[in-house]
Every structure is written in C-alpha cells, then in structure tokens.
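>
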Amino acid sequence: MSDPLPAVPSSVPPLVIVDGANVVGSRPDGWWRDRRGAAERLRDRLAGEGLPGHPGPVEIVLVVEGAARGVASVPGVRVESAPGSGDDRIVELAAASAGRARLVVTADRELRRRVTELGAEVTGPRTVWG
69 MSDPLPAVPS
79 SVPPLVIVDG
89 ANVVGSRPDG
99 WWRDRRGAAE
109 RLRDRLAGEG
119 LPGHPGPVEI
129 VLVVEGAARG
139 VASVPGVRVE
149 SAPGSGDDRI
159 VELAAASAGR
169 ARLVVTADRE
179 LRRRVTELGA
189 EVTGPRTVWG
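Residue numbering for the sequence shown is 69 to 198, as defined by the working numbering.
1) Please identify the residue among Ser-79, Val-91, Val-80, Pro-82 whose C-alpha is closest to the C-alpha of Leu-179.
2) Once DSSP output is grouped into helix, strand and coil, what is the label at Asp-87?
3) Output needed for Asp-155: all residues of its chain with C-beta closer than 6 Å, excluding positions within five of it in sequence on either side, in chain order.
4) Look up Glu-189 in the DSSP assignment and give the residues it is bridged to.
5) Once DSSP output is grouped into helix, strand and coil, what is the label at Glu-178?
6) In chain order, what residues of the same chain lie with their CB nearer than 6 Å to the CB of Ala-115, ignoring the 5 residues before and after it?
7) Note down the Cα distance separating Pro-193 from Arg-181, rounded to an integer number of angstroms.
8) In the DSSP assignment, find the unbroken alpha helix (DSSP H) run with Arg-109 in it and report its ends.
9) Which of helix, strand or coil does DSSP assign to Val-80?
10) Can you tell which of Ala-175, Gly-98, Arg-168 has its C-alpha closest to the C-alpha of Ser-79?
11) Per DSSP, what kind of secondary structure is Glu-148 in: helix, strand or coil?
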C-alpha cells in the first residue's frame, strides 16, 4: 500500500526524495558489487516509471552517497551526490522545500523520524520496487 501525497497547488509538483542507498540495499540482487551501477539502474527505473502509485507530475530527487557519488541526472530524475551522509542531505532537501508536499522514500527509521518532524510524508522501498 502506498502512502498518499498531500494535496498541493497544481503549479507546484510534490517533491519525491529517494534514499538511494537504502532503496538499492533493500533488494539482495548483488548491488554491493557495483554500487554506482545499482544507483544508475534505480535512477533509470524512476525516470522510466516514475513512482508507482503516485501519478505525476512529481519532481524526483535521488540522493546517492559513497561509491555511487557522481551518478548523473537524467530527464525526470535529479541526482544529488551527498558530500557526506546521504541522510543529512535528504534532511536538508526536505527542510529547504518546506511549504510543498514532500515524500521521502526510505526504510531507515532514524531518517523517517527526522523528515516527518519536518512535515514530510514517508514511504518504504516497496513503493519503488512494487
């Protein structure tokens, strides 16, 4: 079951922030052998399918860290390479976008707590993988 996005004016699409490391790590498909490639596959899935259960328009930001830094943005998905902690970058993005609907995709409990305190909605990696 997908979490609903709050209603916002049609001129400002909801912001979907994806915790790349957490979502990639939720599937034991060998991602640890090629973290950058796994992040690129996630980016491409999001660009092609959007966020299942959440019809657009939405603005999707994929936050990557560590070995996945440097993955390029593509039409439909902006990629943010966290200079340090990906969680901290996600919190910064959620805080900077206060006043608009925000949905953070992660299973990380501490990150969930931090972004919900900022008024963001949260859903888990299954939202991406179906």
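Ideal Cβ placement from N, Cα and C applies to all residues, glycine included.
Concretely, from the data shown:
1) By one-based count along the sequence shown, residue 179 stands at place 111. Measuring from the Cα of Leu-179, the nearest candidate turns out to be Val-91.
2) Along the sequence shown, read from residue 1 onward, the residue named residue 87 stands at position 19. Correct three-state label for Asp-87: strand.
3) If you number the sequence shown from 1, residue 155 lands on position 87. Answer for Asp-155: Leu-179, listed in chain order.
4) Within the sequence shown, numbered from 1, the residue matching residue 189 stands at position 121. For Glu-189, which the question treats as bridged, DSSP gives the partners Leu-171.
5) For the purposes of this step, residue 178 is taken as the residue at position 110 of the sequence shown. Glu-178: helix per DSSP, three-state reduction.
6) As a working mapping, residue 115 is identified with position 47 in the sequence shown. Here the set comprises Val-142, Gly-144, Val-145.
7) Indexing the sequence shown from 1 puts residue 193 at position 125. Indexing the sequence shown from 1 puts residue 181 at position 113. Roughly 16 Å separates the two Cα atoms.
8) Counting from 1 along the sequence shown, the entry for residue 109 is found at position 41. Note, Arg-109: alpha helix (DSSP H), 103 to 117.
9) For the purposes of this step, residue 80 is identified with residue 12 of the sequence shown, where counting begins at 1. Here Val-80 sits in coil by DSSP.
10) Here residue 79 corresponds to residue number 11 of the sequence shown, with the count starting at 1. Among Ala-175, Gly-98, Arg-168, the Cα nearest to that of Ser-79 belongs to Arg-168.
11) Within the sequence shown, residue 148 is the residue found at index 80, counting from 1. Residue state, collapsed to three classes: strand.
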